[in-house]
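Chains as they are written, first to last, in my numbering: chain G, 87 to 712; chain U, 26 to 670. Note that CB positions come from ideal geometry on N, CA and C, so glycine has one too.
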């Protein structure tokens with residue numbers, strides 16, 4: 087038994103030869119001495135703000151803060167998440183005041199999307215504290231910021247690090263920042279279920295909100311430059327957003343809300359013969375997406391300067407994410423083993439590649455189907471989401487597809503396609519000052535694209551948060567060239583057809599369906615006006631019968647080419663299909679044999695009994711497949 | 026606390042107070058009562074503290090100071106001509122009351138300006154070199170070693186010798202892998218002969234710094250002579266001036282300088298007239314680089330660093346194809362060091378036809394290359410451990426340079442580590458920190474025991490967003506420094522470094538929490554920041570001296586603690602012996618223990634009566650033995666040690 091003695095007062099041991107713990111006494115003495123001598127171990131830094139969440143019982147008193155996309159997206163996400171029982175507030179689009187707060191509390195030398203987005207959150211919380219008189223702890227207890235995360239390789243993946251630093255330094259130590267990727271499940275501390283349920287319903291709601299935002303934005307940028315009555319498009323956009331917001335919030339059909347909005351868009355009088363160059367806006371994701379001070383309200387500026395914006399959609403970004411996984415999987419599937427790294431296939435079993443392929447294909451197609459369904463519903467006709475394989479393929483000789491971060495190879499791929507397919511008169515690449523993948527890699531490569539593809543009008547422009555004048559003047563410089571290019575192609579179209587603009591207008595007056603806000607002329611040129619001109623000229627110079635004949639000829643020629651193709655390639659296609667089915671059946675049989683040898687044998691036996699010799703086909707299949 | 030002469034301007038004080046009150050509600054703001062003299066008072070207090078501690082001072086006394094005669098000169102005669110900077114110096118000639126004189130020189134931007142004659146300057150440089158030799162600089166060693174041919178691997182297996190391989194069968198639904206043993210396939214002798222004449226150039230930039238041993242060993246294993254694996258020179262000003270003219274963008278200097286290295290390869294290393302042409306310039310896109318941190322989200326490269334090979338391709342083929350006109354092929358395949366199998370295949374895809382090699386030969390070469398990379402790391406760690414154990418045993422300081430691997434390039438770090446080396450501090454690189462668990466566990470004991478981490482090389486508890494390999498290694502190294510009392514930090518970063526920026530605050534938190542001295546230079550660029558570095562070195566040298574003193578104090582306190590515990594143990598043992606004697610019992614073991622502890626107590630008391638021996642100039646590195654003694658170790662710059670190049 088251990089006996090404790092007080093060495094400070096007792097001068098004799100209580101039990102002679104007793105089993106007292108000298109080591110314990112010395113340890114106690116050492117602790118006292120260490121204290122006296124000031125010999126303390128240094129403290130170490132530990133991140134205690136990571137992976138914070140909230141529990142189900144907290145859900146009712148928690149308000150989720152969202153933001154960082156376009157006004158439409160943020161607003162609709164707010165509505166969507168409310169339908170799932172969350173209290174949600176979409177923060178305002180980040181402004182210059184947010185930038186200042188971001189710079190004050192963030193690390194030095196960050197890119198400005200970091201400052202804008204981080205600053206926007208901190209600014210919101212500071213206002214709650216200083217203007218609405220809420221206590222910091224109350225704010226920490228009641229609000230949670232929900233954002234998208236990434237795992238590199240550019241600074242975007244480290245935004246959360248920055249959020250934590252700024253929040254701490256601004257006096258909100260312990261404020262919860264949650265990522266969409268964060269797992270739900272049980273709270274480690276309490277064992278209680280997480281309050282943020284990342285279930286399929288959550289993600290479907292999110293996708294519906296985001297895609298509805300995409301098509302509404304698409305309508306806005308397509309119609310606004312041509313509206314006859316200034317401001318009308320914006321009014322309709324607001325109505326449409328509200329309609330979708332209400333539908334999302336009430337858990338009703340957003341598709342029907344979009345359909346209801348269509349007629350409002352349709353009623354906007356437009357003049358598509360206004361000559362405006364089409365400017366494809368690409369670049370760093372946030373800089374090209376935001377609609378405020380973060381890019382000096384670039385889209386509005388371009389419109390004010392007399393051009394039309396061709397914006398990028400969130401859907402395209404999601405498709406790119408799917409493409410990345412698909413590309414990486416295909417590149418690794420036949421390695422002589424599996425690497426354990428993030429892109430390695432160590433977590434996939436023998437069938438993993440197949441199931442992943444199917445899942446990715448389904449995800450890709452589902453996104454496209456939802457987007458186009460929404461687009462049709464609202465009247466956003468004839469929009470083609472990018473073919474990600476095509477974008478990657480054209481970019482590859484210049485920008486390796488394995489390079490990731492930001493838009494990866496997409497900027498280069500999009501510029502090439504814009505030029506080759508004459509999709510816009512000018513490509514404007516906007517990025518924050520010092521953006522790693524965009525300013526320092528893509529732009530370096532784009533200089534070569536300009537050389538290789540003559541006629542390219544490419545303007546790379548950086549946003550630093552100050553000095554809007556320089557930014558605007560650089561854009562204006564290139565817009566001048568784009569306007570010239572648009573005017574040239576328009577004049578050329580008219581000259582070749584021998585018609586005047588007045589004649590086109592007169593035709594439109596007689597045929598109002600071509601002047602409808604939802605009408606989309608077939609793509610022939612860089613600008614919308616020239617597309618419209620081509621279509622009207624065609625209508626003016628051909629009769630209905632001629633068009634019917636031409637249409638029939640076109641169809642016949644297509645059918646003939648297809649039939650010829652089928653005839654020529656038919657045998658080989660049929661053989662390939664037969665080989666494929668043989669290979670599939672052989673493989674399935676082999677798998678069945680391995681999985682359940684007896685059942686497979688019995689099944690084979692039954693087949694033999696039923697079909698006699700024909701069953702040998704199945705046995706012969708593996709040989710044929712080889 | 027507001028201090029400095031500016032605070033005499035009440036408008037400035039008001040503006041500051043208003044701003045602070047607005048940003049930090051409830052803050053109390055004070056103006057120093059002697060605001061113009063606050064700095065001088067601080068300096069005086071520090072002088073007093075040092076005087077009390079060391080008992081020495083060079084101060085000549087207040088009266089002598091008041092009676093000091095001096096003259097300042099700034100004219101043509103004071104201009105320093107030892108370099109093209111031509112610094113306009115100021116000479117301050119002083120004469121003390123006792124007639125003795127001194128000249129103080131101010132206004133120079135490097136140490137050469139501190140002397141007047143060429144002889145004195147040469148003496149000074151020689152002295153610096155001598156000091157630098159005594160104190161190892163593993164950043165410099167790493168920068169040379171990485172590109173040297175040092176690895177002697179296993180020879181290529183003979184044709185037909187058994188080799189284990191994996192056969193992959195791709196079905197529609199599943200992919201099967203089967204291990205087989207088959208004969209090793211060698212390429213023809215003619216192909217091997219051709220390889221002996223192939224010359225491959227690599228730019229000595231960016232992440233090639235952390236992977237060069239791999240590529241060199243790979244090419245050498247394939248039969249490329251070691252003299253035919255050519256790296257561009259280390260960066261220097263002349264190289265940048267000559268070759269920095271191709272770019273159309275303005276990223277960080279380490280990326281921007283890649284063009285000067287490609288230029289160096291094209292115009293200096295490609296020498297067809299001397300029958301030494303370059304056949305290939307190999308600048309791989311390294312999407313992922315090796316990392317020792319265990320629990321990272323990923324091990325990616327910085328996107329600029331990874332993408333620079335494609336930017337270089339664009340820059341050198343835009344108006345004129347500089348490669349094609351020289352009959353050089355530019356190769357920039359994407360490689361990932363996080364995926365050895367993928368890397369091996371990509372190396373084969375890249376070189377199979379060009380070098381005429383079989384897949385077996387490629388496999389063998391890649392295996393050897395990975396071993397070379399490991400040997401490179403272990404060699405550095407061995408030397409790092411020698412430094413750490415020595416400074417620990419002698420209560421001295423080593424400086425750990427926190428940087429990205431390519432800052433080992435003297436043209437990028439501008440010789441800043443050397444500035445500290447000549448002050449007498451050994452320099453550690455991140456790679457040179459020993460990574461074995463047994464060694465590290467003593468420093469991360471608390472976290473390991475509490476279950477916070479399972480391995481000292483984990484980082485998630487400090488920084489979860491650790492997907493960037495070089496950033497994660499840098500942050501981990503900061504954490505190591507925070508755990509090691511003898512390690513101080515020199516944090517180097519390039520202007521515009523997008524990956525370092527988010528870690529500034531965190532590295533600061535790590536070293537501040539543990540009170541580890543740290544100096545940060547975060548805006549390194551193409552030009553050597555002469556003046557500002559001088560000031561920073563001087564300021565930081567003072568912090569290092571304070572740390573050294575603190576280490577000495579802690580060491581003394583530890584000794585005192587150990588002595589106090591011994592005394593207490595002796596007291597307890599003697600009480601126990603007395604009690605045993607009281608009941609007529611004795612215990613030989615106790616008697617032996619008493620004798621042992623008493624001898625320790627006496628030895629300590631005898632020792633502290635003698636004045637402590639202060640550390641002298643040179644740190645003699647050694648390895649700690651089990652009995653606690655230090656056995657001297659050979660250093661990189663000693664004859665007989667493994668030569669770098």
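Item: Separation of residue 546 of chain U from residue 628 of chain U, as counted between CA atoms; Value: 46 Å
Item: Sequence-distant residues of its chain with Cβ nearer than 8 Å to residue 59 of chain U (five each side left out); Value: 66
Item: Chain U residues whose Cβ lies nearer than 9 Å to that of residue 618 of chain G; Value: Going along chain U, no residue has its Cβ under 9 Å from residue 618 of chain G, so there is no contact; the nearest lies around 37 Å.
Item: Contact set for residue 499 of chain G: own chain, Cβ-Cβ below 6 Å, skip 5 residues either direction; Value: 477, 480 and 481
Item: Within chain G, the residues that residue 187 of chain U reaches when beta carbons sit closer than 7 Å; Value: Within 7 Å Cβ-Cβ: nothing; residue 187 of chain U doesn't reach chain G, min ~17 Å.
Item: Sub-7 Å separation of residue 542 of chain U and residue 568 of chain U beta-carbons; Value: yes
Item: Own chain residues within Cβ distance below 6 Å of residue 240 of chain G, not counting five before or after; Value: 491, 492, 522 and 523
Item: Beta carbon proximity, residue 40 of chain U to chain G, threshold 7 Å; Value: no
Item: Beta carbon proximity, residue 538 of chain U to chain G, threshold 7 Å; Value: yes
Item: Straight-line Cα distance separating residue 228 of chain U from residue 393 of chain U; Value: 22 Å
Item: Alpha carbon of residue 285 of chain G to alpha carbon of residue 216 of chain G, nearest angstrom; Value: 36 Å
Item: Paired residues, beta bridge with residue 700 of chain U - DSSP; Value: Because residue 700 of chain U is not part of the residues shown, which for chain U are 26 to 670, the question remains open.
Item: For residue 272 of chain U and residue 281 of chain U, the rounded distance between their alpha carbons; Value: 7 Å
Item: Exposure label - residue 652 of chain G; buried when at least 16 CB within 10 Å; Value: exposed
Item: Residue 471 of chain G in three-state terms, based on DSSP; Value: coil
Item: Secondary structure of residue 327 of chain U, DSSP reduced to three states; Value: coil
Item: Backbone CA spacing between residue 159 of chain G and residue 375 of chain G [nearest angstrom]; Value: 10 Å
Item: Test: residue 44 of chain U CB closer than 7 Å to a CB of chain G; Value: no
Item: Straight-line gap, residue 244 of chain G to residue 384 of chain G (C-alpha atoms, nearest Å); Value: 26 Å
Item: Every unbroken alpha helix (DSSP H) within the region 462 to 541 of chain U, with a cutoff of 4 residues, ordered by chain; Value: 462 to 466, 470 to 475, 494 to 508 and 526 to 538
Item: Distance between residue 337 of chain U and residue 607 of chain G (C-alpha atoms, nearest Å); Value: 42 Å
Item: For residue 94 of chain U, the residue or residues it bridges with in DSSP; Value: U:120
Item: C-alpha distance - residue 543 of chain G paired with residue 507 of chain G, whole-angstrom precision; Value: 14 Å
Item: Per DSSP, the bridge partner or partners of residue 190 of chain U; Value: U:205
Item: C-alpha distance - residue 422 of chain G paired with residue 388 of chain U, whole-angstrom precision; Value: 11 Å
Item: Pairwise C-alpha distance: residue 322 of chain G and residue 178 of chain G; Value: 20 Å
Item: Assigned exposure category for residue 409 of chain U - 16 Cβ within 10 Å defines buried; Value: buried
Item: Whole-angstrom distance between residue 288 of chain U and residue 274 of chain U, CA atom to CA atom; Value: 17 Å
Item: Limits of the alpha helix (DSSP H) - the one that residue 259 of chain U falls within; Value: No alpha helix (DSSP H) holds residue 259 of chain U; DSSP gives it neither H nor E.
Item: Interface residues of chain U facing residue 440 of chain G [CB-CB closer than 9 Å]; Value: 196, 197, 198, 199 and 200
Item: Limits of the alpha helix (DSSP H) - the one that residue 210 of chain G falls within; Value: 198 to 216
Item: Contacting residues, own chain, Cβ-Cβ under 7 Å from residue 373 of chain G (five flanking each side not counted); Value: 199, 380, 381, 516, 517, 518 and 549
Item: Length at least 4, wholly inside the region 278 to 350 of chain G: the alpha helix (DSSP H) runs in chain order; Value: 286 to 309 and 318 to 335
Item: Sheet register partners of residue 518 of chain G (DSSP bridge); Value: G:549
Item: DSSP state of residue 264 of chain G mapped onto helix, strand, coil; Value: strand
Item: Cβ of residue 417 of chain U within 7 Å of any chain G Cβ; Value: no
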